[in-house]
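Worksheet for the structure shown next.
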Amino acid sequence: MAIRQPVVSVLGHVDHGKTKLLDRIRGTAVGDREAGAITQHIGATEVPIGRIYEMCGSIIGSKKFTVPGLLFIDTPGHQAFTSLRARGGSLADLAVLVIDIREGLMPQTIESIHILRQYKTPFVIALNKVDTIEGWNSTADRPFVLSEKDQQAHTKEVFEQHMYEIISQLSGNGVFADRYDRIDDFTKAVALIPISAKTGEGVPDLMLMLIGLAQRFLETRLTKEEGPGKGTVLEVKEVKGLGQTLDMILYSGTLKTGATVAIGTRGAPLVTRIKAILKPKPLDEIRDPRDRFDNVKELHAAAGVKIAVQDATGVIAGAPIRVVKNAKDPSIQEITEETSIK
Ligand code: GTP
Ligand code: MG
Numbered sequence: 001m002a003i004r005q006p007v008v009s010v011l012g013h014v015d016h017g018k019t020k021l022l023d024r025i026r027g028t029a030v031g032d033r034e035a036g037a038i039t040q041h042i043g044a045t046e047v048p049i050g051r052i053y054e055m056c057g058s059i060i061g062s063k064k065f066t067v068p069g070l071l072f073i074d075t076p077g078h079q080a081f082t083s084l085r086a087r088g089g090s091l092a093d094l095a096v097l098v099i100d101i102r103e104g105l106m107p108q109t110i111e112s113i114h115i116l117r118q119y120k121t122p123f124v125i126a127l128n129k130v131d132t133i134e135g136w137n138s139t140a141d142r143p144f145v146l147s148e149k150d151q152q153a154h155t156k157e158v159f160e161q162h163m164y165e166i167i168s169q170l171s172g173n174g175v176f177a178d179r180y181d182r183i184d185d186f187t188k189a190v191a192l193i194p195i196s197a198k199t200g201e202g203v204p205d206l207m208l209m210l211i212g213l214a215q216r217f218l219e220t221r222l223t224k225e226e227g228p229g230k231g232t233v234l235e236v237k238e239v240k241g242l243g244q245t246l247d248m249i250l251y252s253g254t255l256k257t258g259a260t261v262a263i264g265t266r267g268a269p270l271v272t273r274i275k276a277i278l279k280p281k282p283l284d285e286i287r288d289p290r291d292r293f294d295n296v297k298e299l300h301a302a303a304g305v306k307i308a309v310q311d312a313t314g315v316i317a318g319a320p321i322r323v324v325k326n327a328k329d330p331s332i333q334e335i336t337e338e339t340s341i342k
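Next comes the structure, spelled out in C-alpha cells:
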C-alpha cells in the first residue's frame, strides 16, 4: 500500500540544537546564518528514504520500509514563539523533542510536552550534545550504541547520571522515557536517543527509530489521500517576479496549478487561484534553500512548498488553506471554523 511521508516536527527549548540536528541531516549550515542564531520561523525539509538508508548504514540490517521519507518541520524554541511551536505541533504526525543533555528540561521543553500531549502526537526524545560530556570520545556519524562502547568508565558514568536525571525530570512531567535500546514495548515508553547534532553521533539511531515508528504505528494514518489539498500557511511573502507567495505545508490531498483555494484571514476566507507551485529540492530548507525550487504542476501530500497566488490580501501565517471547487464551495465554512481555533 502506498503511504505518504509523515510530517515530523522538531520541538524543544531555545538553543537545544533543533536546527543543528536538521543541518546535520541535510548537510547544510542554516543555523549559522540565522539572525542571533535563533530560529524565528517554521521551516520544512524533505528527507528522502534514500538519504536515511545512507545515514543508517549497517544498523538498518535487512529491514525494508515503504515510508518514502520524512518531512521535517523546524520550529523556534524561543519563548516568544509559542504560537509557532503550537502550529508545528499541530501539523505533526510524529515529533522529535530535543533536550540538551547538560541543561535538562527547561520551560519550553515542558511547553513542548504540553503541545504534544494536546495533539496526541507520538514522539521520541533526542538527548542532544552528548559530545559536551567531559572526556567524550567522538567519532562522526557513528551509531550511539557503538559510540557508547568507546567511552572511558568515568565518562560513561557522567553520561548516565545526566541521562537518569533527565529521565526522572520527564517522569515528573508525566513522560515515561527510557533509552531506546532498553525498551521492549514502544507503546508504553517514550524512546530516548542520545545524539550529538554537532558530530552526528546517534543520528543514525534516531532516523531508524523515526522510520520504524512511522512504519509500525502510523501506516493507516499515512494512507495517501487523493482528495482536495489541505494545508497550513507558514509565511506570506511578496517575491519579485512571482508576486504574492505563500510558504505552506500540504499535509493531505493534492494541489494543482490553476486550482481554486480558500485561505483563512481575520475576516471571511479569501478565495483565490494558484498561479505556480514551487517545490524545494530534497534536503533543502524552504526558509534558506541552496538550490532553485522546481516548478511543478501537481503535488501530493506531505510536502513543504511555496505557492504563487493571485491574491493574498489579509492572509495570516498559520491560516488553513484548502482546495475548493469555487467561491460557493460549502467546505469554505470549515476554513472559517479552523481559522478561529487558536
Ligand atoms: P532555536 O531555533 O533558537 O530554538 O535554537 P535551536 O534549538 O535550533 O538551536 P541551534 O541548532 O541553533 O543550536 C544552538 C547552539 O548549540 C549552536 O551554537 C549550535 O552549534 C550548538 N549545538 C547544537 N547541537 C550541538 C551539539 O550536539 N553539540 C555541541 N557541542 N553544540 C551543539
Ligand atoms: Mg533553530
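Residue numbering for the sequence shown is 1 to 342, as defined by the UniProt record's numbering.
We put the CB at the ideal spot given by N, CA and C, even for glycine.
Since the model is a prediction, treat every value here as computed from it, not as a measurement.
According to DSSP, residue 173 shares a beta bridge with no other residue.
Within the DSSP bridge table, the entry for residue 244 names 238 as partners. One alpha carbon belongs to residue 255, the other to residue 229, and they sit about 5 Å apart. DSSP, reduced to helix, strand and coil, places residue 298 within a strand of the structure shown. The bridge partners DSSP lists for residue 221 come to none. In this chain, residue 273 is not harboured by any alpha helix (DSSP H); it is covered by the beta strand (DSSP E) spanning 270 to 279.
Comparing C-alpha distances from residue 105 to each of 14, 91, 58, 144 shows the shortest one belongs to 14. In this structure, the straight-line span from the alpha carbon of residue 280 to that of residue 303 is close to 9 Å. Residue 294 sits away from residue 28, with the two beta carbons spaced by 9 Å or more. Within the same chain, 11, 12, 112, 123, 125 come within 6 Å of residue 97 by CB-CB distance, once the 5 residues on both sides are set aside. Residue range 69 to 74 is occupied by the beta strand (DSSP E) that includes residue 69.
In this structure residue 257 is in contact with residue 276, their Cβ atoms being roughly 6 Å apart against a cut-off of 8 Å. For residue 328, the three-state secondary structure derived from DSSP is coil.
Beta-bridge analysis with DSSP links residue 128 to 100.
For residue 321, the closest alpha carbon among the candidates 274, 202, 298 is that of 274. Of all C-beta pairs linking the segment 297 to 317 to the segment 266 to 273, three or more are shorter than 8 Å, placing the two stretches in contact. For residue 116, the enclosing alpha helix (DSSP H) has its first and last residue at 107 to 118. A direct Cα-Cα distance of roughly 12 Å separates residue 133 from residue 195. Under the DSSP assignment, residue 192 falls in the beta strand (DSSP E) whose first and last residues are 190 to 194. In this structure, DSSP gives residue 254 an extended state, which the three-state scheme calls strand. In chain order, 87 place their CB closer than 6 Å to the CB of residue 318, counting only its own chain and leaving out the 5 sequence neighbours on each side.
Here residue 12 carries a strand assignment [DSSP, helix/strand/coil].
Within the segment 133 to 163, the runs of alpha helix (DSSP H) that reach at least 4 residues and sit entirely inside it are, in chain order, 144 to 149. DSSP assignment within the segment 32 to 88 yields the following whole alpha helix (DSSP H) runs of 4 residues or more, N-terminal first: 49 to 56. Here the alpha carbon of residue 176 sits roughly 22 Å from the alpha carbon of residue 203.
The beta carbon of residue 207 is closer than 7 Å to those of 52, 55, 56 in its chain, skipping five residues each way along the sequence. The nearest non-hydrogen atom of the ligand MG is less than 8 Å from the C-beta of residue 76.
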